[in-house]
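Inspection log for the structure reproduced underneath, given as structure tokens.
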Amino acid sequence: MIQIALPAIVLVLLLCCICLDCSDVMIYFTQAGIIIGPTILGRYVTFMRYLFPPEGRVTLQIFANLGFMFHFFILGVQLNANLLKKVGTNAALIGSLAFAMPYVIGGLTYLTMRSLMPMDQTLRTGLVVVVTANSLSSFPVIISLLSELNILNSELGRLAIYTSMVSDLCCVCMATTLTTVGAFREHSKWNSLSSMFWMVFFVFVILFVLRPFILWLTQKTPEGQQLEEFHFFVILVLVFGCAFCSQYLGRQPAFGPLLLGIVLPEGPPIATTVVKKLDTITNGLFIPVFFAISGLTTDLMAFRGRRALAITELVIIMGYVGKFLGTLLPALYFGVPFRDATSLALIMCCKGIIDVAIYNAWRDGKIMDDLCFGLLLITMLIVTGIARIMVGRLYDPSRRYTAYGRRTILNSSNNSRLRILVCIQNEEHVPGLINLLEASNPTRFNPITVFVLHLSELTGHAVASLVPHHHLKKVTSQATSSEHIVNAFNRYEQRQQGSALVQHFNAIAPYSSMHDDVCSLALDKSITIVILPYHKQWTIFGSVGATNRSIKYVNGKIMNKAPCSVGFLIDRGQLGGNPSVVIGKTFYRIALLFFGGVDDLEALAYGRRMAEHPNISFTLCSKEQGEEPVQRGDCERRSETTQIIRSMEDGFDLVIVGCHHDPESPLLLGLMDADWMECPELGVIGDILAATDFTFSVLVVQQQPPTSTCSRSVQSLVFPASFDDGGDCPPPHSTNPISSDESKRCPV
């Protein structure tokens, strides 16, 4: 058996390697199955005899069924049944009409065609099934699609989730009702009642026997750890048992594993372990085999010359039209923008693995013929492929960030409340960020509001979330991982005695779209500056301890799309390791490198607040006014600038610098080549300061968007006539002077 099936398995694995980078496995592998099947290559008898003999297909079908079962269990264990409580009225009405309109328009089309031309019983039965199939909008399929499009945690993504949930619930209720009525009409009442009793008993066992047993089995798993191998093996045995019972009771084998997954708690340790151990092999091998098998059994050449083909395709198309209009019109009525409403309608028209499984089950059960199956499958591939492309073109979550005026520290009034969004991935970032907030000099007359956003990767969950921290326990079991962070910032708030207000939020999202949560919160809360921790962490010995490339990707996205200023904090321990600047006995030494440009002006505006702090020694390093530039070679100028920066190493705890600078500055000649930069998102000087051989911490500030305020004079911001170092620079004028005890100037 294995030798017979080996060529088929090798071919499917080859297809997996070819389509490894494809974003839609369903489309490509179903197309591959159609090409290999009786439509094209399968018409050659010799080819099918040696590559796909009947015995080999059985082996592939086993792989496909395993993948289908595991896929549903993985989806179920990541779902949260409490999501139904969050469905609003708008989403409920849109989802209901998205379910009903395909029935209405598809049904009217069927009745019209039936009255215009004669149809045999097989065609009439098939068209009724087609009308029912067009009303389906699977909730798990929509979630997978949103995740692939990187809009899972966007406004449109959340609306699509709730809409598809309502539509799927309507489908389940309708299917249950029709199945029950059909059972009573085709079988005796006793057999029907017996079937219902055993199904209810099966659900009862899952809820009140298997769920408590699994929770008891895994309750001793340490927090943050995965399940033991034995516990995971026991859960797999229970999954197979549920699939067997579901098949025995006349349901799809995947129904039992799906129900078992739904009743189990999402998140660690169960969901994270299941996803880590099963997701790769399921979605990387078994599910492609499932789609390939569906394509292998489709013969498009058998449709030629059949009059029923046009009628069936017309009913299918009108069903999609009903789905599109049933979503678009109510969405527009509830005030959804036209582009977003169109994108939502296209998303609801997409189908996936659950729809393919239903088509296969109906064909195997002789409910629909090969004509209806083939046309449904081909139309699904075309519509889903086009809809995915159009949604990617129509909907951009960052579009709403640029539709409003952007906020900067530079353009804020002196007495306005500074609103800071602090993003945190782990507890190691907390000390440095808190000291930076204390250095921001919150006072009763110049207070700050801090929004703390704890970012977590979406693992063990199917739906992304952005919620206040006190709501987190209602959403996920990961709430305890944020308690230390919350307590630390709450103590900071208490020390400020009313000059700082702290609010806590938690975002659980995939790294590919995590920046949307940050930008959305920054827009909704009118944030002035977002503080991001650097993707590298330093050890106590000064070397790089850990590097997270995913965080670097998120930081880059935030930097490009944030509706406010952005600051990168590179904490080497000098900032987070020192005692609080509020209760500390020594001065905290901060320097600002000024080369010109809007980002340097933004950094200077932030530094001005710090310079007013009584426990901070602030130094401005800039080119002295009136100094004539000296003609030097690029290499000599680069060496001079680097030496000046290195001379500051032992004299400061924190160095602030803008991200992008005036390109005409003579101090930057020879440094503008991006080829040698390791982190170009930090800018030329920021990349130099991020090198591992410096000991001070660094704050790189970027103002977004760059405005025409480049020509704004530095004198309008700071710095009086006298300086501690006795510098002979011409005194700039300032409407808000800093006393001579609070700042120094370091000529560059």
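Using mature numbering (1 follows the signal peptide of the UniProt record, and there is no 0), the letters of the sequence shown correspond one by one to residues -22 to -1, 1 to 726. The beta-carbon is built from N, C-alpha and C at its ideal position, and this holds for glycine as well.
Inset, instruction - Check whether the Cβ atoms of residue 510 and residue 428 sit closer than 8 Å, and answer yes or no. - result: As a first step, residue 510 must be located in the sequence shown, where it is residue number 532. As a first step, residue 428 must be located in the sequence shown, where it is residue number 450. Against a cut-off of 8 Å, the Cβ pair of residue 428 and residue 510 comes out as no contact.
Legend entry - residue 184 beta carbon less than 8 Å from that of residue 238: Start at 1 with the first residue of the sequence shown, and residue 238 comes out as number 260. Start at 1 with the first residue of the sequence shown, and residue 184 comes out as number 206. Cβ atoms of residue 238 and residue 184: closer than 8 Å.
Inset, instruction - Within its chain, find whatever has a CB closer than 7 Å to the CB of residue 68; leave out the 5 residues flanking it on each side and keep chain order. - result: In the sequence shown, counting from the first residue as 1, residue 68 sits at position 90. The residues are 312.
Legend entry - Sequence ranges, alpha helix (DSSP H) only - wholly within the stretch 23 to 79, length at least 4: 23 to 29 and 32 to 56
Inset, instruction - Drop a sphere of 10 angstroms on the beta-carbon of residue 412, count the other beta-carbons inside from all chains shown, and report buried for 16 or more, exposed for fewer. - result: As a first step, residue 412 is located in the sequence shown; it is residue number 434 there, counting from the start. Burial call: buried.
Inset, instruction - May I ask you to list the residues that DSSP assigns as paired with residue 811? - result: Residue 811 is absent from the model: the chain starts at -22 and stops at 726.
Legend entry - Distance between residue 349 and residue 496 (C-alpha atoms, nearest Å): In the sequence shown, the residue the question calls residue 496 occupies position 518. In the sequence shown, the residue the question calls residue 349 occupies position 371. In this structure, the alpha-carbon of residue 496 lies about 49 Å from that of residue 349.
Legend entry - Minimum length 3: unbroken beta strand (DSSP E) runs contained in the stretch 251 to 288: Runs of the beta strand (DSSP E) inside the stretch 251 to 288: none found.
Legend entry - Where residue 727 falls, given that 16 or more other Cβ within 10 Å makes a residue buried: In the structure as shown, the chain starts at -22 and stops at 726, and residue 727 therefore has no counterpart that could be examined.
Inset, instruction - On a CA-only basis, which of 344, 244 and 682 is nearest residue 51? Give me that one, please. - result: Position 73 of the sequence shown, counted from the start, is the residue given in the question as residue 51. Here the closest residue by C-alpha is 244.
Inset, instruction - Report buried or exposed for residue 514, applying the criterion of at least 16 other Cβ atoms within 10 angstroms of its Cβ. - result: Stepping through the sequence shown from its first residue, residue 514 is reached at position 536. Classification of residue 514: buried, given that the 10 Å Cβ count is 16 or more.
Legend entry - Pick from 41, 303 and 42 that is closest to residue 74, judged by C-alpha positions: Position 96 of the sequence shown, counting from 1, holds the residue named residue 74. Comparing Cα positions, the closest option is 303.
Legend entry - Enclosing beta strand (DSSP E) for residue 243 [first to last residue]: Position 265 of the sequence shown holds residue 243. From DSSP, residue 243 is part of no beta strand (DSSP E); its letter is neither H nor E.
Inset, instruction - Using the Cα positions of residue 119 and residue 566, report the straight-line distance between them to the nearest angstrom. - result: Along the sequence shown, one-based indexing puts residue 119 at 141. Along the sequence shown, one-based indexing puts residue 566 at 588. The C-alpha of residue 119 lies about 54 Å from the C-alpha of residue 566.
Legend entry - Cβ pair residue 253, residue 56 closer than 8 Å: Translated into the one-based positions of the sequence shown, residue 253 becomes position 275. Translated into the one-based positions of the sequence shown, residue 56 becomes position 78. It is a contact, given that the beta carbons lie within the stated cut-off.
Inset, instruction - Report the three-state DSSP secondary structure of residue 345 (helix, strand or coil). - result: As a working mapping, residue 345 is identified with position 367 in the sequence shown. Residue 345: coil per DSSP, three-state reduction.
Legend entry - Counted within 10 angstroms of its Cβ, other Cβ atoms place residue 343 as buried (16 or more) or exposed: Mapped onto the sequence shown, residue 343 falls at position 365. Exposed is the call here.
Inset, instruction - Please say whether residue 635 and residue 667 have beta carbons closer to each other than 8 Å? - result: Looking up residue 667 in the sequence shown gives position 689. Looking up residue 635 in the sequence shown gives position 657. Yes, the pair counts as a contact, with Cβ atoms nearer than the cut-off.
Inset, instruction - Tell me, please, whether the stretch 418 to 426 touches the stretch 582 to 591 by the rule of three or more beta-carbon pairs shorter than 8 Å. - result: With three or more CB-CB distances shorter than 8 Å, the stretch 418 to 426 counts as touching the stretch 582 to 591.
Legend entry - Beta-carbon proximity of residue 674 to residue 627, cut-off 8 Å: As a first step, residue 674 must be located in the sequence shown, where it is residue number 696. As a first step, residue 627 must be located in the sequence shown, where it is residue number 649. For residue 674 and residue 627, yes; Cβs fall inside 8 Å.
Legend entry - Reduced DSSP secondary structure (H/G/I, E/B, other) of residue 435: Translated into the one-based positions of the sequence shown, residue 435 becomes position 457. Reduced to three states, the DSSP call for residue 435 is strand.
Legend entry - Whether residue 130 touches residue 442 by CB criterion (8 Å): Within the sequence shown, the letter at position 152 stands for residue 130. Within the sequence shown, the letter at position 464 stands for residue 442. Yes, Cβ-Cβ distance for residue 130 and residue 442 is below 8 Å.
Legend entry - Length of the line joining the Cα atoms of residue 176 and residue 337: Sequence index remark: in the sequence shown, residue 176 carries index 198 (1-based). Sequence index remark: in the sequence shown, residue 337 carries index 359 (1-based). Computed Cα separation, rounded: 26 Å.
Legend entry - Spatially closest choice to residue 39 from 28, 570, 472 and 266, by CA coordinates: Position 61 of the sequence shown, counted from the first residue, corresponds to residue 39. Checking every option, the nearest Cα to that of residue 39 belongs to 266.
Inset, instruction - Determine the burial state of residue 301: buried for a count of at least 16 other Cβ atoms within 10 Å of its Cβ, exposed for fewer. - result: As a working note, residue 301 is residue 323 in the sequence shown. Per the 10 Å Cβ criterion, buried.
Legend entry - Start and end residues, beta strand (DSSP E) containing residue 676: For the purposes of this step, residue 676 is taken as residue 698 along the sequence shown, with counting starting at 1. First-last of the beta strand (DSSP E) with residue 676: 675 to 680.
Inset, instruction - Determine the direct distance from the alpha carbon of residue 477 to that of residue 394, and round the result to whole angstroms. - result: Against the sequence shown, residue 394 aligns to sequence position 416. Against the sequence shown, residue 477 aligns to sequence position 499. Their backbone Cα atoms lie some 12 Å apart in a straight line.
Inset, instruction - Measure how close the beta-carbons of residue 241 and residue 189 come, nearest whole angstrom, since I'm counting them as under 8 Å. - result: Residue numbering aside, residue 241 sits at position 263 when the sequence shown is read from its first letter. Residue numbering aside, residue 189 sits at position 211 when the sequence shown is read from its first letter. Your pair residue 241 and residue 189 checks out as a contact, with CB atoms roughly 5 Å apart and the cut at 8 Å.
Legend entry - First through last residue of the alpha helix (DSSP H) which encompasses residue 446: As a working mapping, residue 446 is identified with position 468 in the sequence shown. Per DSSP, residue 446 belongs to no alpha helix (DSSP H); it is in the beta strand (DSSP E), 443 to 446.
Inset, instruction - Leaving aside the five residues before and after residue 317 along the sequence, list all residues of the same chain whose C-beta is less than 7 Å from its C-beta, in chain order. - result: Translated into the one-based positions of the sequence shown, residue 317 becomes position 339. Closer than 7 Å at Cβ, skipping near neighbours: 372 and 373.
Inset, instruction - Out of 289, 324 and 18, point me to the one whose CA is closest to residue 85's CA. - result: One-based indexing of the sequence shown puts residue 85 at position 107. Per the Cα distances, 289.
Inset, instruction - Pull up the distance between the alpha-carbon of residue 98 and that of residue 16, whole angstroms please. - result: Position 120 of the sequence shown, counted from the start, is the residue given in the question as residue 98. Position 38 of the sequence shown, counted from the start, is the residue given in the question as residue 16. Each residue's alpha carbon lies about 26 Å from the other.
Legend entry - Element boundaries [alpha helix (DSSP H), containing residue 317]: Your numbering for residue 317 matches position 339 in the sequence shown. Element bounds for residue 317: 316 to 326.
Inset, instruction - Would you identify the three-state DSSP class for residue 550, choosing helix, strand or coil? - result: Walking along the sequence shown from the start, residue 550 turns up at place 572. If DSSP states are grouped into helix, strand and coil, residue 550 belongs with coil.
Legend entry - 7 Å CB neighbourhood of residue 729 in its chain, flanking five on each side removed: The requested residue 729 does not occur in the structure, where the chain is confined to residues -22 to 726.
Legend entry - Residues near residue 107 by beta carbon distance below 8 Å, same chain, minus five either side: Residue 107 sits at position 129 when you count from the first residue of the sequence shown. Same-chain partners within the cutoff: 340, 345, 346 and 350.
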